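Please read the structure below before turning to the comments.
Numbering (this note's numbering), first residue to last: 0 to 422.
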């Protein structure tokens, strides 16, 4: 998801930091959420006996030689949702070839700002032509299309043989992943631009989505009935991050909201100093996100305090970061891709594009993949920030990459969905 937020129309917010504590309890031991599912054919394996912070202590070695978060990376065969998994950290398993080749292109009738999901041999993606598409991942042929009532900038979540996706018509749709037929729809009070996320408690799976009706909605995935709705003070443009029994998200009210997933009750409310138009990545009890007063922030979710901030130039940050063990990678409207130390936010490198970077980067096997408004898809080395490969499509790329099984799939404002991989 990469949309132009209406946050910019709101008056400036004060920049001091203040934590408001609620009396709600964080029942972490009673209600588990997971950094990502691990898909094997039609089944999934979940962490059921540890919290995210426990899982974080166990790490795996990825192809880049750097430590990635255990349980938070997407499996090579699938990329089932925006940013790969519920914690929204943007890490893909496996490796990418040294040079990518164009494998196929699919033309829609509008700009593709939606970020694709890849699951069970199919690509799922929305378009501003108001359709949700299912494509064959092998050749890009259309399997089905479903017409909504408005442009679709939201990105799909694929879970339990269903595709969950929002639309600018204000509706969250549950579609059959095989046929594209509607299973249920849930109406909010305004448009949905952010992507759905999910959480499981026992046998029950719930879907979370933010809306411009100021609310974060939690909906039963099986029935489409509401579990709870949490009201904020302004539009919710991004997607909620989910980890360790909590949902964390920002909005045009300039606050970082931390909720208990069990009840939808506030745990903390932290002032961010400006609109948070994008989504929040969660790792190790910390949240990583950018805001519209030109700062990128790391916040301690337990203490409700800023750990560090990054401010180099007077341009906002919209893209969701990719987070690994020792570094954070994010794009900015300063036309740069930044890489900073995760511990203190000090800069390791920056990579210059020719347009703003609202596309959210993905890290895979020592490489960073990201789009830019300059109409190019870039592959950059993670260690030094050097360009390894690029491909020009000619129009802005606001969509974020989906990376699975050695392929990169991304949409562009020219209306195309592109697939790249090895020849």
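Positions of the beta carbon are idealized from the N, C-alpha and C atoms, including for glycine.
Predicted, not measured: the structure shown is a model, and the values here were computed from it.
What do you reckon, are the CB atoms on residue i and residue j nearer than 7 Å?
| i | j | result |
| --- | --- | --- |
| residue 344 | residue 307 | yes |
| residue 279 | residue 240 | yes |
| residue 253 | residue 274 | yes |
| residue 356 | residue 331 | yes |
| residue 286 | residue 247 | yes |
| residue 149 | residue 191 | no |
| residue 255 | residue 269 | yes |
| residue 167 | residue 81 | no |
| residue 229 | residue 263 | yes |
| residue 103 | residue 77 | no |
| residue 288 | residue 315 | no |
| residue 370 | residue 380 | no |
| residue 277 | residue 317 | yes |
| residue 391 | residue 375 | yes |
| residue 130 | residue 146 | yes |
| residue 422 | residue 97 | no |
| residue 113 | residue 151 | yes |
| residue 260 | residue 244 | yes |
Can you give me the Cβ contacts of residue i inside the same chain, cut-off strictly under 8 Å, excluding the 5 residues immediately before and after it?
| i | result |
| --- | --- |
| residue 160 | 41, 175, 176 and 177 |
| residue 133 | 121, 122, 123, 141, 142, 143, 144, 162, 176 and 179 |
| residue 467 | One cannot answer for residue 467 here, as it falls past the ends of the chain, which runs 0 to 422. |
| residue 231 | 213, 214, 215, 250, 252, 254 and 256 |
Helix, strand or coil for residue i, going by three-state DSSP, please let me know.
| i | result |
| --- | --- |
| residue 308 | strand |
| residue 332 | coil |
| residue 274 | coil |
| residue 350 | strand |
| residue 255 | strand |
| residue 322 | strand |
| residue 406 | strand |
| residue 53 | Residue confidence for residue 53 is low, a pLDDT of 33 falling below 50, so the modelled location carries little weight; the figure read from the coordinates is stated next. Looking at residue 53 - three-state DSSP - the assignment turns out to be helix. |
| residue 157 | strand |
| residue 412 | coil |
| residue 189 | coil |
| residue 356 | coil |
| residue 396 | coil |
| residue 114 | coil |
| residue 209 | strand |
| residue 366 | strand |
| residue 200 | strand |
| residue 378 | strand |
| residue 151 | coil |
| residue 417 | strand |
| residue 344 | coil |
| residue 92 | coil |
| residue 219 | strand |
| residue 265 | strand |
| residue 129 | coil |
Pick out whichever of the options has its Cα sitting closest to the Cα of residue i.
| i | options | result |
| --- | --- | --- |
| residue 411 | 380, 422, 373 and 386 | 373 |
| residue 329 | 305, 361 and 271 | 361 |
| residue 351 | 378, 200 and 418 | 378 |
| residue 125 | 190, 248, 110 and 88 | 110 |
| residue 250 | 235, 147 and 262 | 235 |
| residue 323 | 82, 88, 81 and 295 | 88 |
| residue 94 | 416, 418 and 404 | 404 |
| residue 299 | 402, 406 and 267 | 267 |
| residue 213 | 198, 233, 219 and 197 | 233 |
| residue 415 | 220, 79 and 115 | 115 |
| residue 90 | 265, 282 and 390 | 282 |
| residue 320 | 418, 296 and 312 | 296 |
| residue 401 | 136, 108, 128 and 333 | 136 |
| residue 342 | 336, 325, 231 and 353 | 325 |
| residue 83 | 336, 353 and 117 | 117 |
| residue 202 | 399, 220 and 86 | 220 |
| residue 86 | 79, 242, 187 and 231 | 242 |
Near residue i, what residues of its chain come up, given a Cβ to Cβ distance below 7 Å and the 5 sequence neighbours on each side ignored?
| i | result |
| --- | --- |
| residue 384 | 338, 348, 349 and 350 |
| residue 413 | 392, 393 and 394 |
| residue 189 | 169, 210, 211 and 212 |
Might you give, ordered along the chain, the residues of its own chain that have their beta carbon closer than 6 Å to the beta carbon of residue i, omitting 5 neighbours on each side?
| i | result |
| --- | --- |
| residue 158 | 197 |
| residue 128 | 107, 108 and 109 |
| residue 333 | 312 and 314 |
| residue 353 | 373 |
| residue 417 | 104 and 409 |
| residue 155 | 116, 123, 162 and 164 |
| residue 183 | 173 and 223 |
| residue 420 | 102, 405 and 406 |
Within 7 Å of any Cβ in chain D, is that where the Cβ of residue i sits?
| i | result |
| --- | --- |
| residue 407 | Within the model displayed, chain D is absent; a lone protein chain is all it includes. |
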